[in-house]
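In what follows, a structure is listed as structure tokens, so that the remarks can point back to it.
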Amino acid sequence: MTDPDEDFLDEDLLNADSADTEAAELFEHLNITVDGNQQPLRIDKFLHIFRQNSTRNKISQTCRAGNVVVNGKAVKQNYRVKPGDQISVLLSRPPRENVIIPQDIPINIVYEDDDLVVVDKDPGMVVHPGHGNWDGTLVNALAYHFEKNGAKSDLDRVGLVHRIDKDTSGLLVIAKTEYALSFLAKQFFDRKTRRLYWAFVWGNMADDEGTITGNIGRHPKNRLQMSVYEDGSAGKHAVTHYKVIERFKYMTWVECKLETGRTHQIRAHFKHIGHTLFNDERYEGEQILKGVNLPKYRQFIKNVFEVLPRHALHAHTLGFIHPTTKEEMYFESPMPEDMSAAVEKWRNYLENN
Numbered sequence: 003m004t005d006p007d008e009d010f011l012d013e014d015l016l017n018a019d020s021a022d023t024e025a026a027e028l029f030e031h032l033n034i035t036v037d038g039n040q041q042p043l044r045i046d047k048f049l050h051i052f053r054q055n056s057t058r059n060k061i062s063q064t065c066r067a068g069n070v071v072v073n074g075k076a077v078k079q080n081y082r083v084k085p086g087d088q089i090s091v092l093l094s095r096p097p098r099e100n101v102i103i104p105q106d107i108p109i110n111i112v113y114e115d116d117d118l119v120v121v122d123k124d125p126g127m128v129v130h131p132g133h134g135n136w137d138g139t140l141v142n143a144l145a146y147h148f149e150k151n152g153a154k155s156d157l158d159r160v161g162l163v164h165r166i167d168k169d170t171s172g173l174l175v176i177a178k179t180e181y182a183l184s185f186l187a188k189q190f191f192d193r194k195t196r197r198l199y200w201a202f203v204w205g206n207m208a209d210d211e212g213t214i215t216g217n218i219g220r221h222p223k224n225r226l227q228m229s230v231y232e233d234g235s236a237g238k239h240a241v242t243h244y245k246v247i248e249r250f251k252y253m254t255w256v257e258c259k260l261e262t263g264r265t266h267q268i269r270a271h272f273k274h275i276g277h278t279l280f281n282d283e284r285y286e287g288e289q290i291l292k293g294v295n296l297p298k299y300r301q302f303i304k305n306v307f308e309v310l311p312r313h314a315l316h317a318h319t320l321g322f323i324h325p326t327t328k329e330e331m332y333f334e335s336p337m338p339e340d341m342s343a344a345v346e347k348w349r350n351y352l353e354n355n
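Per my numbering: the sequence shown = residues 3 to 355.
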């Protein structure tokens with residue numbers, strides 16, 4: 003029996019688009035009540051039987067990372083289960099059936115050691131093979147990188163801990179061992195990572211900072227979008243905190259901190275409050291939503307869209323505790339060229355109009 007903490011990504015519907023979804027599809031959260039007739043049995047063997055597609059090594063490393071909890075307390079792999087035990091497990095999912103083909107694709111690796119790699123992803127690159135994107139992904143590139151450099155790993159796939167959209171740029175951490183995968187996944191599920199996003203949104207935000215709260219679930223009519231249900235009638239609880247960095251009269255640059263990690267959370271929340279992400283085609287942000295109805299302004303927006311041909315969202319910071327050294331790691335990604343070019347165009351426009 004499973005009780006996922008996150009929304010599961012429907013790749014057939016969202017076309018491998020997975021912004022802000024954390025470990026939803028990459029991990030599963032199991033809640034197990036041990037049967038009253040269960041004989042005493044080591045928990046690693048019990049879970050191996052319960053989840054036959056998981057290796058004993060994977061289960062052992064999951065225990066070591068503190069991701070197997072019995073009756074509210076983390077246990078080691080030699081714990082013996084008893085009737086009535088309440089077991090909670092955060093377990094990485096088995097690999098997909100499709101084979102990951104290593105491909106020589108340039109990627110920006112900002113840090114790497116024996117446990118993990120941190121990548122600053124360019125916009126336009128899909129993270130994981132899926133519907134309509136079976137190659138040319140970050141995973142294909144990492145598979146080639148690991149193979150070329152002889153990286154040793156006990157993983158049966160590239161160890162994605164979290165993901166971001168194809169058109170979202172910025173930082174991701176990828177595990178290289180089963181233990182690192184489990185240890186990092188726990189931090190994402192517990193919201194103990196340090197991450198901030200930069201976004202450009204249509205309109206002039208009324209407040210310098212604020213919080214958007216509202217359940218996020220599938221849009222009732224457009225299945226490629228997520229929608230906000232303030233009354234809680236559908237979806238899952240979601241909270242986004244934001245702070246204004248710079249105002250451009252008809253567009254605002256905001257910094258976002260996610261309290262939860264729902265699919266398309268930033269995109270759905272800001273559309274809900276009337277500030278759709280700039281040039282977000284899926285959420286109708288590729289239209290002129292704010293400004294003046296003048297030919298000069300329309301041409302200006304067209305020019306900005308040309309230098310920023312995707313939704314304006316960037317994973318700016320990433321902080322976490324290292325699985326082996328237990329030291330805090332912190333990374334910042336500078337604003338990508340396309341977003342920087344858009345900022346300059348807006349500044350110039352406001353100075354001259």
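Backbone N, C-alpha and C define an ideal beta-carbon position, used for all residues, glycine too. The model shown is predicted, which means the values in this text are computed figures rather than measured ones.
Annotated three-state conformation of S62 is helix, per DSSP.
Annotation for Y81: I45 place their beta carbon closer than 6 Å to its own, counting only its chain and skipping 5 residues before and after. By the C-beta criterion, the region 222-231 is judged not to be in contact with the region 341-351, since fewer than 3 inter-stretch pairs fall below 8 Å. Secondary structure at E330: strand, using DSSP grouped into helix, strand and coil. Ranked by Cα distance from I268, the options L49, K245, F250 and R249 are led by K245.
At the C-beta level, H316 and G172 come within 7 Å of one another. Here DSSP, grouped into helix, strand and coil, assigns F191 to helix. Under the DSSP assignment, M207 falls outside any beta strand (DSSP E); it carries neither an H nor an E label. If you ignore the 5 residues before and after G68, its C-beta comes within less than 7 Å of the C-beta of A76 and K188, all in its own chain and listed in chain order.
In this structure, Y252 places its C-beta atom within 7 Å of the C-beta atom of K292.
The region 215-222 and the region 292-301 do not touch, with fewer than 3 CB-CB distances between them shorter than 8 Å. Contact between D87 and V72 is confirmed by a C-beta separation of about 5 Å, below the 8 Å threshold. The residue among L144, S235 and I89 with its C-alpha nearest the C-alpha of D122 is L144. The alpha helix (DSSP H) runs of length 4 or more contained entirely in the region 276-328 are, from start to end of the chain, 297-309. Judged by beta-carbon spacing, V306 lies beyond the 7 Å limit of K259, meaning their Cβ atoms are not closer than that value. Close CB contacts of F185 within its chain, under the 6 Å cut and outside five residues either way in sequence, are with A67 and P325 (chain order).
By the beta-carbon neighbour count (other beta carbons within 10 angstroms, threshold 16), A182 is buried. Judged by beta-carbon spacing, L43 lies beyond the 7 Å limit of I61, meaning their Cβ atoms are not closer than that value. The closest CA to that of H243, considering only H271, A236, T35 and Q41, is found on H271. As the crow flies, the alpha-carbon of I166 is around 14 Å from that of T262.
The residues D340, A343, A344 and K347, in chain order, have a CB closer than 7 Å to that of V309 in the same chain once the five nearest residues on each side in sequence are set aside.
The beta carbon of K78 lies closer than 6 Å to those of C65 in the same chain, with the five residues before and after it left out. Sorting E334, P311 and E353 by C-alpha distance to the C-alpha of D169 places P311 at the top. Judged by their CB atoms, L92 and F191 are nearer to each other than the 7 Å cut-off.
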